[in-house]
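Colleague: First the structure, then my questions, so here it is.
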Amino acid sequence: LYLLCWLCDAVHVGYCSQRRLMDKNEKMIQNHEFCQTALVMRLLASAYAVAEKAGTIVRRVLHSGDLGIVEKTGANDLQTLADRLVQKSICASLSKSFPKITIIGEEDLPSEAAEEDLIETGMYDVILRKPCPEKYSILKEEELVVWVDPLDGTKEYTEGLLDHVTVLIGIAYRGKAIAGVINQPFYNYQMGADVTLGRTLWGMLGLGAFGFQLQDVPDGKRIVTTTRSHSNKLVIDAVQAMEPHDVIRVGGAGNKIIQLVEGKASAYVFASPGCKKWDTCAPEAILHAVGGKLTDMHGNAYCYDAGVKHMNSAGVLATLRNHQYYASRVPQAVLQALPSD
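Encoded structure:
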């Protein structure tokens with residue numbers, strides 16, 4: 003009996019030692035695979051996880067009942083506690099994991115350490131398992147610029163139009179938007195208690211876009227989506243020139259691009275300064291990843307280098323299909339009033 007117990011113990015110890023060795027080897031393999039993952043894919047996977055956390059923060063602030071609203075330049079240019087906390091979370095989280103990237107956020111916040119509970123160091127493993135497009139496989143941190151809008155559609159957020167609200171994280175390389183993440187914190191919020199609240203869309207040039215069902219508008223339909231709260235004569239003239247069958251007025255650049263890729267609108271027309279690079283970088287990357295196009299009203303691409311001016315001075319024209327048609331319809335008076343950068 004003693005010999006039998008000794009043999010069992012020996013077998014158990016041997017098994018545990020072998021198991022520990024296998025676990026160690028498996029971790030080493032996983033770490034090796036992680037190290038082999040292209041930097042831009044790790045950054046995108048991190049941005050996804052950070053955007054998910056941002057969505058949680060946005061919901062938490064709303065449910066607290068205290069939005070902490072301040073006016074920046076006027077009643078149509080607001081900042082809330084959610085804007086401040088989310089930008090701090092995104093910038094601190096990405097900087098911790100990727101200290102050499104350049105991050106440009108909408109909110110002008112004081113430099114201070116972020117609370118530990120705001121920092122997200124996880125990465126979305128689905129993205130890590132995707133093949134990186136070859137042209138982006140050896141990018142370095144210092145070559146990348148990240149544009150952050152912590153709460154796109156802030157005015158709508160304060161007014162309870164929650165489906166307009168998004169969190170935007172765009173990644174640019176050599177002035178071009180190459181990847182982006184859009185979180186919709188309140189997606190499905192009107193669908194009852196049993197649905198999952200919120201979703202995250204992401205995309206990358208050469209890889210595609212994910213997290214939604216790509217759809218076109220019905221054949222022959224011209225549906226224009228445009229600003230809800232920043233309209234003027236130029237915007238109205240440009241929209242009417244498209245001869246739309248319908249016009250949708252909503253908040254948020256991210257929200258409008260989602261309308262394009264989900265077949266709810268055929269063109270996003272905003273013939274006015276007002277949009278900024280952090281509004282368009284992530285949405286542009288996702289739109290371009292599925293074959294769409296975002297330009298200024300002249301049809302020229304925007305540059306997302308770190309040193310560019312933040313304002314998209316010549317407006318925004320975005321489409322999933324037939325971009326040239328819509329660009330050709332822009333009135334000359336509108337183009338003359340909006341000189342291209």
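Just so we're aligned, residue 3 is where the sequence shown starts under the working numbering, counting upward by one. For each residue, glycine too, the CB sits at the ideal point set by N, CA and C.
Can you tell me whether DSSP reads GLN32 as helix, strand or coil?
Modeller: Position 30 of the sequence shown, counted from the first residue, corresponds to residue 32. Residue confidence for GLN32 is low, a pLDDT of 42 falling below 50, so the modelled location carries little weight; the figure read from the coordinates is stated next. Helix.
Colleague: Determine the DSSP secondary structure at ALA49, reduced to helix, strand or coil.
Modeller: Against the sequence shown, residue 49 aligns to sequence position 47. Correct three-state label for ALA49: helix.
Colleague: If the criterion is Cβ atoms closer than 7 Å, does the pair ALA84 and LEU170 meet it?
Modeller: Locating residue 84 in the sequence shown gives position 82, where the first residue counts as 1. Locating residue 170 in the sequence shown gives position 168, where the first residue counts as 1. In this structure, LEU170 does not lie closer than 7 Å to ALA84 by Cβ.
Colleague: Name the residue from VAL148, SER342, ASP196 and GLU122 whose alpha carbon lies nearest to the alpha carbon of GLU108.
Modeller: Here residue 108 refers to the residue found at position 106 when the sequence shown is read from its first residue. Considering only alpha carbons, the answer is VAL148.
Colleague: Does LEU296 come out as helix, strand or coil in the three-state DSSP assignment?
Modeller: Against the sequence shown, residue 296 aligns to sequence position 294. The answer is strand: DSSP assigns LEU296 an E or B state.
Colleague: Would you list the residues sitting across from GLN38 in a DSSP beta bridge?
Modeller: Your numbering for residue 38 matches position 36 in the sequence shown. In DSSP, GLN38 forms no bridge with anything.
Colleague: Using only CA atoms, which one of ASP127, GLU144, ASP248 and GLY205 lies nearest to ASP307?
Modeller: On the sequence shown, position 305 is the one that residue 307 refers to. Among ASP127, GLU144, ASP248 and GLY205, the Cα nearest to that of ASP307 is on GLU144.
Colleague: To which residues of the same chain is HIS300 closer than 7 Å at the C-beta, ignoring the five residues directly before and after it?
Modeller: Your numbering for residue 300 matches position 298 in the sequence shown. The residues are ALA316, LEU337 and SER342.
Colleague: I'd like to check one pair, LEU262 with LEU322: are the Cβ atoms closer than 7 Å?
Modeller: In the sequence shown, the residue the question calls residue 322 occupies position 320. In the sequence shown, the residue the question calls residue 262 occupies position 260. Yes, the Cβ-Cβ distance between LEU322 and LEU262 is below 7 Å.
Colleague: With burial defined as no fewer than 16 other Cβ atoms inside 10 Å of the residue's Cβ, what is the status of SER268: buried or exposed?
Modeller: Here residue 268 refers to the residue found at position 266 of the sequence shown. Label assigned to SER268: buried.
Colleague: If ILE225 sits next to ASP239, beta carbons under 8 Å apart, how far is it from one beta carbon to the other, in whole angstroms?
Modeller: To locate residue 225, count along the sequence shown from 1; it is residue 223. To locate residue 239, count along the sequence shown from 1; it is residue 237. About 18 Å; that fails the 8 Å criterion.
Colleague: Out of VAL252, GLY253 and THR228, which has the shortest C-alpha to C-alpha gap to GLN242?
Modeller: In the sequence shown, the residue the question calls residue 242 occupies position 240. Cα-wise, what sits closest to GLN242 is THR228.
Colleague: In chain order, what residues of the same chain have a beta carbon less than 6 Å from the beta carbon of THR104, not counting five sequence neighbours either side?
Modeller: Your numbering for residue 104 matches position 102 in the sequence shown. Excluding sequence neighbours, THR104 sits near VAL147 and ALA308.
Colleague: Measure the C-alpha to C-alpha separation of LEU64 and ILE71 and round it to an integer number of angstroms.
Modeller: The count along the sequence shown starts at 1 and reaches residue 64 at position 62. The count along the sequence shown starts at 1 and reaches residue 71 at position 69. Cα to Cα, LEU64 sits roughly 11 Å from ILE71.
Colleague: Could you tell me the distance, in whole angstroms, from the CA atom of TYR189 to the CA atom of TYR126?
Modeller: Sequence index remark: in the sequence shown, residue 189 carries index 187 (1-based). Sequence index remark: in the sequence shown, residue 126 carries index 124 (1-based). Distance between the alpha carbons of TYR189 and TYR126: 19 Å.
Colleague: Contact between the region 278 to 290 and the region 327 to 335 is defined here as three or more beta-carbon pairs at a separation below 8 Å; is this criterion met?
Modeller: Judged by Cβ distances under 8 Å, the region 278 to 290 makes no contact with the region 327 to 335, as fewer than three pairs qualify.
Colleague: If I measure Cβ to Cβ from GLY213 and keep anything under 7 Å in the same chain, skipping five residues before and after, which residues do I get?
Modeller: The residue given as residue 213 occupies position 211 in the sequence shown. Result list for GLY213: ARG201, THR202, LEU203 and TRP204, in chain order.
Colleague: Among the candidates MET313, GLY293, LEU41 and GLU73, whose CA atom is the shortest distance from the CA of THR160?
Modeller: Here residue 160 refers to the residue found at position 158 of the sequence shown. Selected option, being the one with the closest Cα: GLU73.
Colleague: Does ILE71 come out as helix, strand or coil in the three-state DSSP assignment?
Modeller: Within the sequence shown, numbered from 1, the residue matching residue 71 stands at position 69. ILE71: coil per DSSP, three-state reduction.
Colleague: Sort ALA195, LYS311, LYS102 and LEU46 by Cα distance to ILE288 and report the nearest one.
Modeller: Position 286 of the sequence shown, counted from the start, is the residue given in the question as residue 288. Nearest C-alpha to ILE288: LEU46.
Colleague: Does the Cβ-Cβ distance between HIS166 and VAL252 come in under 7 Å?
Modeller: Taking the first residue of the sequence shown as 1, we reach residue 166 at position 164. Taking the first residue of the sequence shown as 1, we reach residue 252 at position 250. Yes.
Colleague: From ALA335 to LEU236, what distance separates their C-alpha atoms?
Modeller: Counted from its first residue, the sequence shown places residue 335 at position 333. Counted from its first residue, the sequence shown places residue 236 at position 234. Their Cα atoms are separated by approximately 8 Å.
Colleague: So the alpha helix (DSSP H) GLN334 belongs to, where does it begin and stop?
Modeller: As a position in the sequence shown, residue 334 is number 332, starting the count at 1. From DSSP, the alpha helix (DSSP H) with GLN334 extends over 334 to 339.
Colleague: In or out: ALA195 buried (at least 16 other Cβ within 10 Å) or exposed?
Modeller: One-based indexing of the sequence shown puts residue 195 at position 193. Exposed, since its Cβ has fewer than 16 Cβ neighbours within 10 Å.
Colleague: For GLN89, which of LEU130, GLY124 and ALA53 has the nearest alpha-carbon?
Modeller: Position 87 of the sequence shown, counting from 1, holds the residue named residue 89. It is ALA53.
Colleague: What separation, rounded to the nearest whole angstrom, lies between the Cα atoms of ILE31 and LEU130?
Modeller: Numbered from its first residue, the sequence shown carries residue 31 at position 29. Numbered from its first residue, the sequence shown carries residue 130 at position 128. Bear in mind that a pLDDT of 36 at ILE31, under 50, signals an unreliable position, so the number given afterwards is only what the model happens to contain. One C-alpha to the other measures close to 15 Å.
Colleague: For the putative contact between LYS279 and ASN314, defined by C-beta atoms under 8 Å, what is the C-beta separation to the nearest angstrom?
Modeller: Position 277 of the sequence shown, counted from the start, is the residue given in the question as residue 279. Position 312 of the sequence shown, counted from the start, is the residue given in the question as residue 314. Sure, about 7 Å apart at Cβ, within 8 Å.
Colleague: If distances are taken between C-alpha atoms only, which option among CYS93, SER91 and GLY294 comes closest to LEU216?
Modeller: The residue given as residue 216 occupies position 214 in the sequence shown. Ranking CYS93, SER91 and GLY294 by Cα distance to LEU216 puts GLY294 first.
Colleague: Could you check the C-alpha separation between LEU182 and VAL42 for me, to the nearest Å?
Modeller: Indexing the sequence shown from 1 puts residue 182 at position 180. Indexing the sequence shown from 1 puts residue 42 at position 40. In the sequence on display, residue 182 carries Gly and not Leu. Roughly 11 Å separates the two Cα atoms.
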